[in-house]
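Residue numbers (our numbering): 2 to 218.
See below:
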C-alpha cells in the first residue's frame, strides 16, 4: 500500500458535541490536502457540499452516538444526509436491542437504511459494549441487511478499536476501525488485522507518520 492508498483509507473525523463549522472547515481542508476522506456531523453537510476545498468523499453519521432513535428517524436522517451531499453513511445500531436478543429488529433497521440510500452504509456496532458472541451477531445482522461495512466504535463509549475485534469482524464484511487510533503504527496494525478503513480524529498525524522510504504494508 503506497502513501496515497494509505491516506485514502483514513476517514479524518470531527464529531464532538461542541463541533463548530470552523472545526469542520479545518477537517475538510486537512482531508483534502492529505488525500483523506472526512467524516463530519450531518448538520454541516449543506455547507460542506458547497465548500471549495472539500475532499472527494464525505461521510456522516446516523443515529449517533447511541443508536436509540426510532428506526423511521434513522431512515429519514440517512435520506436527508444523502440529499445534503453525504457520500457514505455511518449508522449506529441499537445496542440495547442487540443485547436483548432482538437481532431481527437490528437487521430490519439496518436494512431500511440500506434500502433508502444509494450510498455505502457502514454499521457501527460499538464493540466495547459487546461480547464476542454479540459482535458476531451484530455482524451477521449487517450481512443480512446488505450493509457495505462494519465499524467498531463511535468513539463515545469506553474503549475503541482493537486488533482482535478487527480480525473477528473482517470475517463478515470490510471493517472500519474507529476509536483510539492515533498514530501511523496503530493504523497499520488495524490494516494488517484486516481493516479496510480507519476512522480517526488524528488523521493528519497518522498520514504524516507514513515512512518516507515508501511502501511499508
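C-beta atoms are modelled at their ideal positions from N, C-alpha and C, and glycine is treated no differently.
Computed from a predicted model, the values in this text were never measured in an experiment.
Distance CB(residue i)-CB(residue j) smaller than 9 Å
i           : j           : result
residue 124 : residue 92  : yes
residue 148 : residue 115 : yes
residue 46  : residue 8   : no
residue 95  : residue 106 : yes
residue 13  : residue 54  : no
residue 146 : residue 109 : yes
residue 163 : residue 179 : no
residue 31  : residue 204 : yes
residue 41  : residue 188 : no
Classification of residue i by the beta-carbon crowding that lies within 10 angstroms, buried from 16 upward
i           : result
residue 73  : exposed
residue 206 : exposed
residue 213 : exposed
residue 56  : buried
residue 134 : exposed
residue 51  : exposed
residue 218 : With a pLDDT of 47 at residue 218, under the threshold of 50, the modelled position of that residue is not reliable, and the figure given next carries that caveat. Its Cβ having fewer than 16 others within 10 Å, residue 218 is exposed.
residue 101 : exposed
residue 43  : buried
residue 193 : exposed
residue 182 : buried
residue 15  : buried
residue 155 : buried
residue 202 : buried
residue 84  : exposed
Close beta carbons around residue i, own chain, < 6 Å, minus the five adjacent residues each side
i           : result
residue 160 : 129
residue 97  : none
residue 175 : 150, 197
residue 63  : 75, 78, 79, 90, 92
residue 140 : 151, 170, 173
Residues bridged to residue i (per DSSP)
i           : result
residue 67  : DSSP output for residue 67 lists no bridge partner at all.
residue 12  : 38, 200
residue 80  : BP columns for residue 80 are empty, so no partner.
residue 61  : 41, 90
residue 179 : 200
residue 111 : DSSP output for residue 111 lists no bridge partner at all.
residue 150 : 123
Neighbourhood of residue i by C-beta, 7 Å cutoff - its chain only, sequence neighbours within 5 removed
i          : result
residue 89 : 58, 60, 120, 121, 123
residue 76 : 113, 114, 117
residue 36 : 5, 8, 9
Own chain, CB closer than 8 Å to residue i, minus 5 neighbours either side, in chain order
i           : result
residue 136 : 126, 128, 166, 169, 170
Distance between beta carbons of residue j and residue i, contact taken as under 8 Å
i           : j           : result
residue 49  : residue 17  : 16 Å between Cβ atoms; not a contact.
residue 184 : residue 210 : 6 Å
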